[in-house]
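Trainee:
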Amino acid sequence: MKNNHPTVSVVLPTYNRATVVGDAIKSVLDQTFCDLELIVVDDGSTDNTLEVVNSFKDDRVQYVTHSTNKGAASAMNTGIRASRGDYVSIQNSDDYWLPDKIENEIKAFEGSDSTLGVVYSGVCQIKNDKQTYIPGPGVKKKEGYIHGEILGGNFVNGLSLMKKECFQKAGFYDENLPGLEDWELYIRISKYYQFKFVDKPLIRATISHDSLSGKASVFIDSAKIIVEKNYDDYHKNKKALSSIYGSSGSWSCLDGQLKIGRSFFTKSIKINPTNLQVYIALFLSLFGQRVYRAFYKALVDTV
1271 MKNNHPTVSV
1281 VLPTYNRATV
1291 VGDAIKSVLD
1301 QTFCDLELIV
1311 VDDGSTDNTL
1321 EVVNSFKDDR
1331 VQYVTHSTNK
1341 GAASAMNTGI
1351 RASRGDYVSI
1361 QNSDDYWLPD
1371 KIENEIKAFE
1381 GSDSTLGVVY
1391 SGVCQIKNDK
1401 QTYIPGPGVK
1411 KKEGYIHGEI
1421 LGGNFVNGLS
1431 LMKKECFQKA
1441 GFYDENLPGL
1451 EDWELYIRIS
1461 KYYQFKFVDK
1471 PLIRATISHD
1481 SLSGKASVFI
1491 DSAKIIVEKN
1501 YDDYHKNKKA
1511 LSSIYGSSGS
1521 WSCLDGQLKI
1531 GRSFFTKSIK
1541 INPTNLQVYI
1551 ALFLSLFGQR
1561 VYRAFYKALV
1571 DTV
């Protein structure tokens, strides 16, 4: 770290995750790229998060607190505003970075021109002891100017390495969204900057067993706002808009709201009649929630 000015600032928002946040912190401090600071933003925790953070005797760690819980977007924005690095990366309190994540992403920036704003890597997603590599093969354009592709759904992990200037140009995380803050931010950034993909599984992410109902409503409500905020872009890109309606239909059916799900599928088909997956999803929805849940993973792309 030169003149108290690190190259990379890592922001780790956390709320009542003392049992897992230590591993997330360790995976940042153990990076082979050492010229970094770690800003832990405690978003109003009532557990022993502070004790866990204080157990790391490393002067690269900063601890910032919110007096009350304000949500992930607010915590991330607090950390970004406190950051001193030229690059910013977000770390989740329950995710684990491989030691060379930052090193690989910094190397991807080296030699690039000023239009490169975001570098992201592959993710090994673990759910029910099953591992999935993300982004999957269904994503056709993973780097370059990806604005048109990312409008249809987010395939860039939220732990990417971003130039700090991206926030000055495109703005910070939207604190009014119920969720999907990273996707909405990437949509804005992709209007101005190119993205680059490091095709290595440099992050391990464990998917928790949260309420499906909560996930469904968060996606649908957030996607509606995202479409409204980017109205002109979506109405020029009918394929992307159709994809959003298809994903909303899928989440609705998974949550047991089959009639609402079918209405989303119908909208999707009207906009883009060539998407075979949506026809299959609509057909499966006629057999009820249980059948839909059993088959949707292989047939419907969800965000």
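In this note's numbering, the protein residues as written are 1271 to 1573. Every residue, glycine too, gets a C-beta built ideally from N, C-alpha and C.
Where do the ends of the alpha helix (DSSP H) carrying K1506 lie?
Mentor: Within the sequence shown, the letter at position 236 stands for residue 1506. Unbroken alpha helix (DSSP H) run through K1506: 1501 to 1506.
Trainee: Following the continuous alpha helix (DSSP H) through T1319, name the residue where it begins and the one where it ends.
Mentor: For the purposes of this step, residue 1319 is taken as the residue at position 49 of the sequence shown. Run containing T1319: 1319 to 1324, per the alpha helix (DSSP H) assignment.
Trainee: Please confirm whether any heavy atom of the ligand SAH lies closer than 6 Å to the CB of L1421.
Mentor: Absence of the ligand SAH from the depicted structure is noted, as is the absence of any ligand whatsoever, leaving it without description.
Trainee: For F1379, which residues in the same chain have their Cβ closer than 7 Å to its Cβ, ignoring the five residues on either side in sequence?
Mentor: Along the sequence shown, read from residue 1 onward, the residue named residue 1379 stands at position 109. These residues qualify, in order along the chain: L1386, V1389.
Trainee: Residue ranges of each beta strand (DSSP E) run of no fewer than 3 residues wholly in the region 1352 to 1434, ordered along the chain?
Mentor: 1357 to 1360, 1365 to 1367, 1386 to 1397, 1400 to 1404, 1431 to 1433, all fully within the region 1352 to 1434.
Trainee: Measure the C-alpha to C-alpha separation of S1430 and P1405 and round it to an integer number of angstroms.
Mentor: Walking along the sequence shown from the start, residue 1430 turns up at place 160. Walking along the sequence shown from the start, residue 1405 turns up at place 135. For S1430 and P1405, the distance between alpha carbons rounds to 13 Å.
Trainee: Between which two residues does the alpha helix (DSSP H) harbouring I1550 extend?
Mentor: Residue mapping note: residue 1550 aligns to position 280 of the sequence shown, counting from 1. Where I1550 is concerned, the enclosing alpha helix (DSSP H) stretches over 1546 to 1555.
Trainee: Using a Cβ-Cβ cut-off of 7 Å (strictly less than) and excluding sequence neighbours within five positions of N1542, which residues of its own chain qualify?
Mentor: Here residue 1542 corresponds to residue number 272 of the sequence shown, with the count starting at 1. Cβ within range, chain order: K1508, K1509, S1512.
Trainee: According to the neighbour-count rule (16 or more other Cβ atoms, all chains shown, within 10 Å of its Cβ), is Y1463 buried or exposed?
Mentor: Looking up residue 1463 in the sequence shown gives position 193. When all chains shown are included, Y1463 counts as buried.
Trainee: Mind checking which residues open and close the beta strand (DSSP E) that includes D1313?
Mentor: Translated into positions along the sequence shown, residue 1313 becomes position 43. It is not in any beta strand (DSSP E) - D1313 carries neither H nor E in the DSSP assignment.
Trainee: So, with DSSP's three-state summary, where would you put F1467?
Mentor: Start at 1 with the first residue of the sequence shown, and residue 1467 comes out as number 197. Reduced to three states, the DSSP call for F1467 is strand.
Trainee: Quick check: D1597 and P1283, are their CB atoms within less than 7 Å of each other?
Mentor: Look at the range of the chain in this structure, 1271 to 1573, and you will see that residue 1597 is not part of it.
Trainee: Between the Cα of I1396 and the Cα atoms of F1425, G1516, Y1366, which residue gives the shortest distance?
Mentor: Looking up residue 1396 in the sequence shown gives position 126. Out of F1425, G1516, Y1366, Y1366 has the C-alpha closest to the C-alpha of I1396.
Trainee: Beta carbon of I1372, beta carbon of Q1301: below 7 Å?
Mentor: As a first step, residue 1372 is located in the sequence shown; it is residue number 102 there, counting from the start. As a first step, residue 1301 is located in the sequence shown; it is residue number 31 there, counting from the start. Cβ distance < 7 Å, so I1372 and Q1301 count as in contact.
Trainee: Assign F1557 to one of two classes, buried (16 or more other C-beta atoms within 10 Å of its C-beta) or exposed (fewer than that).
Mentor: Within the sequence shown, the letter at position 287 stands for residue 1557. Classification for F1557: exposed.
Trainee: Express the C-alpha separation of G1428 and Y1443 in angstroms, rounding to a whole number.
Mentor: Stepping through the sequence shown from its first residue, residue 1443 is reached at position 173. Stepping through the sequence shown from its first residue, residue 1428 is reached at position 158. Approximately 11 Å between the Cα atoms of the pair.
Trainee: Does the separation of the CB atoms of A1440 and R1458 fall below 7 Å?
Mentor: As a working note, residue 1440 is residue 170 in the sequence shown. As a working note, residue 1458 is residue 188 in the sequence shown. Going by C-beta atoms, A1440 is nearer than 7 Å to R1458.
Trainee: How would you label E1454, buried or exposed, when you count the other beta carbons within 10 angstroms and need 16 or more for buried?
Mentor: Translated into the one-based positions of the sequence shown, residue 1454 becomes position 184. E1454 comes out buried.
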